[in-house]
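Numbering (the numbering used here), first residue to last: 4 to 114.
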């Protein structure tokens, strides 16, 4: 990872900040901003998984550092998942669950 990773993350941050600074974005711009934010999160989570799954890297952190990182990530994940549930419930009220059921019933079955 290293320098290139930092450059990629910096570019994602730039795009997120530009989206946040946009004045009166239209619906398409809002959806594009959400897409960019989710791509940035995906990129970051992938990097975190590489770190966490590498005992050589994790072994270099003190217990206190690991505790701080763990606390931050768990709080962030809990808030994100709570928001996910809230938006999913709102989507269900708007009929998105019915759309999904129709799509699933239209899927072909192959033998």
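C-beta atoms are modelled at their ideal positions from N, C-alpha and C, and glycine is treated no differently.
Scanning its chain for C-beta atoms nearer than 8 Å, with the 5 sequence neighbours on each side dropped, one finds around residue 61 the residues 54, 55, 69, in chain order. Rounded to the nearest whole angstrom, the C-alpha separation of residue 86 and residue 93 is 11 Å. Residue 50 is not a Cβ neighbour of residue 19, given a cutoff of 8 Å. Residues of the same chain with a CB within less than 6 Å of the CB of residue 26, apart from the 5 flanking positions on each side, do not exist.
As for any beta strand (DSSP E) of minimum length 3 sitting wholly inside the segment 40 to 81, there is none.
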